[in-house]
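*Asks:* The sequence shown begins at 112 in the numbering used here and counts up by one. Quick reminder that beta carbons are idealized off the backbone N, C-alpha and C, glycines included. Let me give you the structure first, and then I'll get to my questions.
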Amino acid sequence: MRTAAAIIGLVVLLFSPPATARDNAFADWAAVVVAGDYQAHEGGPTEAFDNARRDVSKTLVQLGFDKTAIRQLSVRPQRYPNEAPGRADVKTLREALLKGAQTSKAGCLFYISTHGSPDGVILGKAMLRPNRLAAMLDEACPNRPSVVVISACFSGVFIPALQKNDRLILTAARPDRASFGCGESDKYPYFDDCFLSSAPQAKDFAALGAGVQACVARKEKETGAEPASEPQVWVGAALRPMLPLYAFQHSRPRAP
């Protein structure tokens, strides 16, 4: 009996997340949040992408991420001295992912808000292509759960290259569709606006993705934006049954 009890206790210990993980699933996750451009689709400047960078970073803290583990990058970092983001370019992005993953070892999140094309997304003066981003994420965050959010036109082109069993991917559009809300007067792109407004009600990233899809569809219908962008949600097979362990901080029951 004692042997059986010991074995059961060991199994429970091995397969139960530590107390810190149960209380806050994202406390030891690294996050990099990027504004990849500053030009509106009309050609003039816009604050939409940097507004998304700043406010998505704040929202991640509310969901359970450690503020000190979130690295922000901007095309115009000198414009935001109080936030002190790094410069948004390929070299700095790779360094931010690697450094973050070295200090926060439980998981990784990458979020970019920018313009996109069927070839990839704009990152400063360069085009960040799907295979390049996949290589950087695989280098920085191997064998750990990760979430990738790409807010850009045609961002569904990233899904085939980024697919891994332990990864969840949200994109603002199908691979053959534009997304909306990147004008000079827009506060956020539609997708980012819906990410921010849907997060407080979502229990995890899969539910947040579904909420964003519904929100974007409503906004596009209300504003007459067409054809519909159809944001995409992809969840790896190994991560899907583990999603209850990655509930947002506000969704977890309070300890008695």
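In chain order, what residues of the same chain have a beta carbon less than 6 Å from the beta carbon of K298, not counting five sequence neighbours either side?
*Replies:* The count along the sequence shown starts at 1 and reaches residue 298 at position 187. Excluding sequence neighbours, K298 sits near N162.
*Asks:* On the three-pair Cβ rule with 8 Å, is the stretch 215 to 235 touching the stretch 138 to 151?
*Replies:* yes
*Asks:* Is the beta carbon of S340 sitting closer than 9 Å to the one on F291?
*Replies:* Within the sequence shown, numbered from 1, the residue matching residue 340 stands at position 229. Within the sequence shown, numbered from 1, the residue matching residue 291 stands at position 180. Taking 9 Å as the cut-off, the beta carbon of S340 is found closer than this to the beta carbon of F291.
*Asks:* Between the Cα of M247 and the Cα atoms of A212, R329 and A289, which residue gives the shortest distance?
*Replies:* Within the sequence shown, the letter at position 136 stands for residue 247. Nearest option by C-alpha distance: A212.
*Asks:* Which residue comes first and which comes last in the alpha helix (DSSP H) that contains A272?
*Replies:* What you label residue 272 is simply residue 161 of the sequence shown in a count that begins at 1. For A272, the enclosing alpha helix (DSSP H) begins and ends at I270 to L273.
*Asks:* For L354, collect the residues of the same chain with a Cβ closer than 7 Å to its Cβ; drop the 5 residues on either side in sequence, then sort them by chain order.
*Replies:* Translated into positions along the sequence shown, residue 354 becomes position 243. Answer for L354: D315 and A317, listed in chain order.
*Asks:* In chain order, what residues of the same chain have a beta carbon less than 8 Å from the beta carbon of V201, not counting five sequence neighbours either side?
*Replies:* Working through the sequence shown from its first residue, we reach residue 201 at position 90. Closer than 8 Å at the Cβ level, and outside the excluded window around V201, lie L234, G235, A237, L239 and R243.
*Asks:* Run through the DSSP bridge pairs and tell me what C252 is partnered with.
*Replies:* The count along the sequence shown starts at 1 and reaches residue 252 at position 141. Paired residue(s): none; C252 is not in a bridge.
*Asks:* Are at least three pairs of beta-carbons, each pair with one atom in the stretch 295 to 312 and one in the stretch 152 to 167, less than 8 Å apart?
*Replies:* yes
*Asks:* Taking 9 Å as the cut-off, decide whether the C-beta atoms of L204 and A141 are in contact.
*Replies:* As a working note, residue 204 is residue 93 in the sequence shown. As a working note, residue 141 is residue 30 in the sequence shown. Not in contact: L204 and A141 (Cβ atoms no closer than 9 Å).
*Asks:* If you check the beta carbons only, do G267 and T282 fall under 9 Å apart?
*Replies:* By one-based count along the sequence shown, residue 267 stands at place 156. By one-based count along the sequence shown, residue 282 stands at place 171. Yes, these two residues count as a Cβ contact at 9 Å.
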